[in-house]
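J.: Have a look at the structure that comes next, please.
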Amino acid sequence: MALLKYESGVREPLVDGDKTYSKVTEDICRPVETAPSRLWWIGFIISVILLLFGAVSLYKEVVYGTGMWNLNKTIGWGWDITNFVWWVGIGHAGTLISAILLLFRQGWRTGVNRAAEAMTIFAVMCAGQFPVWHMGRVWMAFFVLPYPNTRGPLWVNFNSPLLWDVFAISTYFTVSLLFWYSGLIPDMATLRDRAKKKWAKMFYGVSAFGWTGSTKHWQRHESLSLVLAGLSTPLVLSVHTIVSFDFATSVIPGWHTTIFPPYFVAGAIFSGFAMVQTLMLVLRKVYRLEDYITISHIENMNKVIVLTGSIVGCAYLTELFMAWYGASKYEYDIFFKYRIAGPYGWSYWLMMTCNVITPQLFWSKKLRRNIAFTFLMSIVVNIGMWFERFVIIVSSLYRDYLPSSWSVYYRPTIWEVGFYLGSFGLFFTCFFLFSKYFPVIAIAEIKHVLKRSGEGYKKKMEPLEKESVEEFAHNAHH
Amino acid sequence: MPVKKFVVGCFDDEKTLFPAVKNTRKAGYKIHDVYTPFPIHGLDAAMGLRDTSLHTAGFIYGITGTTTALSFMSWVFTKDWPLNIGGKPSFPLPAFIPIIFELTVLCAAVGMVLTFCYLCQLAPFVKKDHFHLRATDDLFVMPLEVTDKTNVEEVKAFLKNAGAVEIFEKEAETGWWLGRYDKDKKLFEKEAATA
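Going down the list, the sequences are from chains F and G. What the first sequence shows, in the numbering used here, is residues 109 to 586, in sequence order. What the second sequence shows, in the numbering used here, is residues 194 to 388, in sequence order.
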């Protein structure tokens, strides 16, 4: 390994090892071109089984109604909406990595953006299931669309945050999909041109859309990526803002707060990055991509986790403070009698521990760079974030204004749990297929940063460093 | 578009590619295109290509979405079917903002991607001639068009001098046609055979 005289000890290379362009192609295409491992098959089959269980659970719900989920008049939103918000939150990291970090010129995004965007799309697919099936009479779901109808035409209520959600989630899904796929096209072309088998030539030929790599096309591609990033940046912030409006614009104590939008967005990024960590740590190990998803990538994401986790913690404390200081009896009771104490107190403290206390360990550089610890934390954070939504939804609902309708305890049924497991099945079925048939790292983008970082950069700089000051000034001048 | 003849020079380093492009243009050869495995900043300028106006198109699609959303919701709530929702005003502009925003983004993104695909002629089942399979791997491929006046040997010598690692002649179609990459089918099969 060459060492330069003036080498920064702070900035680590984005790609480890001495790589050529064709080595990059080789490394990233290898998992796609070799037969799937036994581990892949096991994971894939488990995912499909979960998906089928989810389908059975949904069948029960469609036939017998949402009562199958133990929802009642008091607790009208339970696991289903908790899962919805949880999955949407997870879906925030991908677009954040690919859009906001692109605008901030963060080179390290190239290693993880492709898989993170795929994760976003699958997570949003899962999220979308919950409000749709929660409608009960799901065959009426198209009523949310504002189309000229025979009922008046009676239009949808454009004032309703639930309708804003329909627009936000579907826009988010479409734009993320377009962003992801437009980035994939050149890499699909790489796979197409390497393909040996007939089906691969056919599949990658069709999915590469006839990409050639023409300079003009690249110029347009760059422009497209930049504008889509610019559009996705406010979009990603808007989606969870609008999800938080579902709660914040209501008059339920514990929901009716103005800090919800930033608090939800921070929480979404927090849980999204945790999910990216969970997936990336497995991916880099199984596909031997440690040179592309390096320890410094993991450390960077851990830094985001500790930042957003602290913002979330700040929001929790603000909520408590406002409940006390606001002098609204109902608000006070919800927080201090039914949330941090009462039958659901355990879920509040579980949420506090997982989201606020344990992520603080990431202030230690040693732990930020510890893979096993990061993996454990990524799961802890996602458990915590699930409970955050559970706490917000259930603990605000179970004791409403009328004590006679208080619902003492709410336990999900097997079919409600089954629906949740089914969404895991959907997510991982998609993710397993993606990781086998698609390039999990953006090949072209890695090549783009290859010579600006790492060994390639050092090679380029070596002759420059050997020059004397006079030579350098002379050469730079001409 | 018909079949044309090209002399193709392949480069394996940006460092040699840039002077090569510059010198080729200076020497008066016609660069058909440069195919690269990843975007190379400044190459479009070096080739004398003008900037893309795709972002302008995106802006127009965006404001189309904005006006569509705003005018549609206003029309529904004030003219077509004014609803009394708890005595709230029937033109609640702040409540329209989320949907206006979402539709702006949606129209801009979808419109831009479709325009991009149209301009670059990208679609499933579109097939194009490729000069080198490694153009999507690690080679920068620069085909120069051969006209009646071109001296092929001279061009080859020029490319070799410019640092090309691989030089060959190739007849290629410059357009696109519907086809699959696992099947050999050309658009101008007969013409190519007789030419």
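Backbone N, C-alpha and C fix where the C-beta goes; we use that ideal spot for every residue, glycine too.
Based on the DSSP output, what are the partners of residue 228 (chain G) in its beta bridges?
T.: Reading the second sequence from its first residue, position 35 is the one you call residue 228 (chain G). DSSP lists F:322 and G:334 as partners of residue 228 (chain G).
J.: Is there a Cβ of chain G sitting closer than 8 Å to that of residue 81 (chain F), yes or no?
T.: In this structure chain F extends from 109 to 586, so residue 81 (chain F) is not present and cannot be described.
J.: Thinking just about the alpha-carbon of each residue, which of G:254, G:359, G:330 and G:318 is nearest to the one in residue 132 (chain F)?
T.: Here residue 132 (chain F) corresponds to residue number 24 of the first sequence, with the count starting at 1. Ranking the options by Cα distance to residue 132 (chain F), first place goes to G:330.
J.: Kindly give me the distance between the Cβ atoms of residue 313 (chain G) and residue 325 (chain F), rounded to whole angstroms, as I take these residues to be in contact under 8 Å.
T.: Locating residue 313 (chain G) in the second sequence gives position 120, where the first residue counts as 1. Locating residue 325 (chain F) in the first sequence gives position 217, where the first residue counts as 1. Right, their Cβ atoms sit about 5 Å apart.
J.: Per the contact definition of three or more C-beta pairs closer than 8 Å, is the stretch 289-307 of chain G in contact with the stretch 329-342 of chain F?
T.: Judged by Cβ distances under 8 Å, the stretch 329-342 of chain F makes contact with the stretch 289-307 of chain G, as three or more pairs qualify.
J.: Based on Cα-Cα distance, which residue from F:549, F:319, F:213 and F:181 lies nearest to residue 587 (chain F)?
T.: Chain F is shown only over 109 to 586; residue 587 (chain F) falls outside these bounds and no answer can be derived.
J.: With a Cβ-Cβ cutoff of 8 Å, do residue 495 (chain F) and residue 455 (chain F) count as a contact?
T.: Numbered from 1 along the first sequence, position 387 holds the residue referred to as residue 495 (chain F). Numbered from 1 along the first sequence, position 347 holds the residue referred to as residue 455 (chain F). Yes, they are a contact pair.
J.: Residue 548 (chain F) by DSSP, collapsed to three states: which one?
T.: Taking the first sequence and counting its residues from 1, one reaches residue 548 (chain F) at position 440. It is coil, neither helix nor strand.
J.: Determine, using beta carbons only, whether residue 263 (chain F) comes closer than 8 Å to chain G.
T.: For the purposes of this step, residue 263 (chain F) is taken as residue 155 along the first sequence, with counting starting at 1. Closer than 8 Å to some Cβ of chain G, the Cβ of residue 263 (chain F) qualifies, so yes.
J.: So, with DSSP's three-state summary, where would you put residue 252 (chain F)?
T.: On the first sequence, residue 252 (chain F) is found 144 positions in, with the first residue counted as 1. Residue 252 (chain F) falls in the helix class under three-state DSSP.
J.: How should residue 433 (chain F) be labelled, buried or exposed, when 16 other C-beta atoms within 10 angstroms of its C-beta is the threshold for buried?
T.: Stepping through the first sequence from its first residue, residue 433 (chain F) is reached at position 325. Classification of residue 433 (chain F): exposed, given that the 10 Å Cβ count is below 16.
J.: Anything in chain F within Cβ reach of residue 377 (chain G), meaning under 9 Å, just list it in chain order.
T.: Here residue 377 (chain G) refers to the residue found at position 184 when the second sequence is read from its first residue. Within 9 Å Cβ-Cβ: nothing; residue 377 (chain G) doesn't reach chain F, min ~11 Å.
J.: Comparing the C-beta of residue 583 (chain F) with each C-beta of chain G, is any distance below 8 Å?
T.: Position 475 of the first sequence holds residue 583 (chain F). Judged by the 8 Å Cβ criterion, residue 583 (chain F) is not in contact with chain G.
J.: DSSP beta-bridge partners for residue 371 (chain G)?
T.: Along the second sequence, read from residue 1 onward, the residue named residue 371 (chain G) stands at position 178. Partner(s): G:319.
J.: With distances taken between CB atoms, is the gap from residue 190 (chain F) to residue 497 (chain F) smaller than 8 Å?
T.: Position 82 of the first sequence, counting from 1, holds the residue named residue 190 (chain F). Position 389 of the first sequence, counting from 1, holds the residue named residue 497 (chain F). It is a contact, given that the beta carbons lie within the stated cut-off.
J.: In terms of residue numbering, what span does the alpha helix (DSSP H) encompassing residue 198 (chain G) cover?
T.: As a position in the second sequence, residue 198 (chain G) is number 5, starting the count at 1. Premise fails: residue 198 (chain G) lies in the beta strand (DSSP E), 196-204, not in any alpha helix (DSSP H).
J.: Residue 218 (chain G) touches chain F at which residues, Cβ-Cβ below 9 Å?
T.: Against the second sequence, residue 218 (chain G) aligns to sequence position 25. Within chain F, no residue comes near residue 218 (chain G); the closest Cβ sits about 13 Å away, beyond 9 Å.
J.: Would DSSP call residue 349 (chain G) helix, strand or coil?
T.: Position 156 of the second sequence, counting from 1, holds the residue named residue 349 (chain G). It is helical.
J.: Measuring only the C-alpha atoms, how far is residue 162 (chain G) from residue 424 (chain F)?
T.: Since the first residue shown for chain G is 194 and the last is 388, residue 162 (chain G) is missing from the structure and cannot be characterised.
J.: At a Cβ cut of 7 Å, what residues of the stretch 241-267 of chain G count as close to chain F, listed as they run along the chain?
T.: Against chain F - using a Cβ distance shorter than 7 Å - the residues of the stretch 241-267 of chain G are 242, 245, 247, 248, 251 and 266.
J.: For residue 327 (chain F) and chain G, any beta-carbon pair shorter than 8 Å?
T.: For the purposes of this step, residue 327 (chain F) is identified with residue 219 of the first sequence, where counting begins at 1. Chain G, which has a Cβ nearer than 8 Å to the Cβ of residue 327 (chain F), makes this yes.
J.: Cβ of residue 335 (chain F) less than 8 Å from any chain G Cβ?
T.: In the first sequence, the residue the question calls residue 335 (chain F) occupies position 227. Yes, residue 335 (chain F) counts as interfacial toward chain G.
J.: Given residue 347 (chain F), which residues of its chain have a CB within under 6 Å of its CB, disregarding the five upstream and five downstream residues?
T.: Locating residue 347 (chain F) in the first sequence gives position 239, where the first residue counts as 1. For residue 347 (chain F), where only same-chain residues beyond five positions count, the Cβ hits under 6 Å are 276 and 280.
J.: Does the beta carbon of residue 350 (chain F) sit closer than 8 Å to a beta carbon anywhere in chain G?
T.: The residue you call residue 350 (chain F) lines up with position 242 of the first sequence. Closer than 8 Å to some Cβ of chain G, the Cβ of residue 350 (chain F) qualifies, so yes.
J.: Express the C-alpha separation of residue 203 (chain G) and residue 211 (chain G) in angstroms, rounding to a whole number.
T.: Walking along the second sequence from the start, residue 211 (chain G) turns up at place 18. Walking along the second sequence from the start, residue 203 (chain G) turns up at place 10. Straight-line Cα distance between these residues: approximately 12 Å.
J.: By the criterion of Cβ-Cβ separation under 8 Å, what are the contact partners of residue 328 (chain G) in chain F?
T.: On the second sequence, position 135 is the one that residue 328 (chain G) refers to. Going along chain F in sequence order, the residues near residue 328 (chain G) (Cβ under 8 Å) are 301, 320 and 321.
J.: Would you check if the distance between the CB atom of residue 412 (chain F) and the CB atom of residue 377 (chain F) is smaller than 8 Å?
T.: Along the first sequence, read from residue 1 onward, the residue named residue 412 (chain F) stands at position 304. Along the first sequence, read from residue 1 onward, the residue named residue 377 (chain F) stands at position 269. Contact flag set, yes.
J.: Does residue 210 (chain G) get closer than 8 Å to chain F when you measure Cβ to Cβ?
T.: Start at 1 with the first residue of the second sequence, and residue 210 (chain G) comes out as number 17. Judged by the 8 Å Cβ criterion, residue 210 (chain G) is not in contact with chain F.
J.: Using a C-beta to C-beta distance shorter than 7 Å, which residues of chain G count as neighbours of residue 310 (chain F)?
T.: Counting from 1 along the first sequence, the entry for residue 310 (chain F) is found at position 202. Ordered by position in chain G, the residues that pass the 7 Å Cβ test against residue 310 (chain F) are 373, 374 and 375.
J.: Taking the straight line between their C-alpha atoms, what separation do you get for residue 575 (chain F) and residue 557 (chain F)?
T.: Numbered from its first residue, the first sequence carries residue 575 (chain F) at position 467. Numbered from its first residue, the first sequence carries residue 557 (chain F) at position 449. Cα-Cα distance, rounded: 25 Å.
J.: What are the residues in the stretch 313-325 of chain G lying within 8 Å of chain F by C-beta distance?
T.: The stretch 313-325 of chain G vs chain F, Cβ under 8 Å: 313, 314, 315, 316, 317, 318, 319, 320, 321 and 323.
J.: If we require 3 or more residues per run, which beta strand (DSSP E) segments fall completely within the stretch 248-289 of chain G?
T.: As far as the stretch 248-289 of chain G is concerned, it has no whole beta strand (DSSP E) run of at least 3 residues.
J.: Classify residue 172 (chain F): buried if its beta carbon has 16 or more other beta carbons within 10 angstroms, exposed otherwise.
T.: Within the first sequence, numbered from 1, the residue matching residue 172 (chain F) stands at position 64. It is exposed - the Cβ of residue 172 (chain F) has fewer than 16 other Cβ atoms within 10 Å.
J.: To be precise: take each residue of the stretch 348-359 of chain G, compare its Cβ to all Cβ atoms of chain F, and keep it if any distance is under 8 Å. Which residues remain?
T.: Flagged: no residues at all.
J.: Work out the CA separation of residue 275 (chain G) and residue 313 (chain F) for me, nearest whole Å.
T.: On the first sequence, residue 313 (chain F) is found 205 positions in, with the first residue counted as 1. On the second sequence, residue 275 (chain G) is found 82 positions in, with the first residue counted as 1. Looking at the two C-alpha atoms, the distance is approximately 52 Å.
J.: What residues in the stretch 282-295 of chain G bring their beta carbon closer than 7 Å to a beta carbon of chain F?
T.: Result list: 285, 288, 289, 291, 292, 294 and 295.
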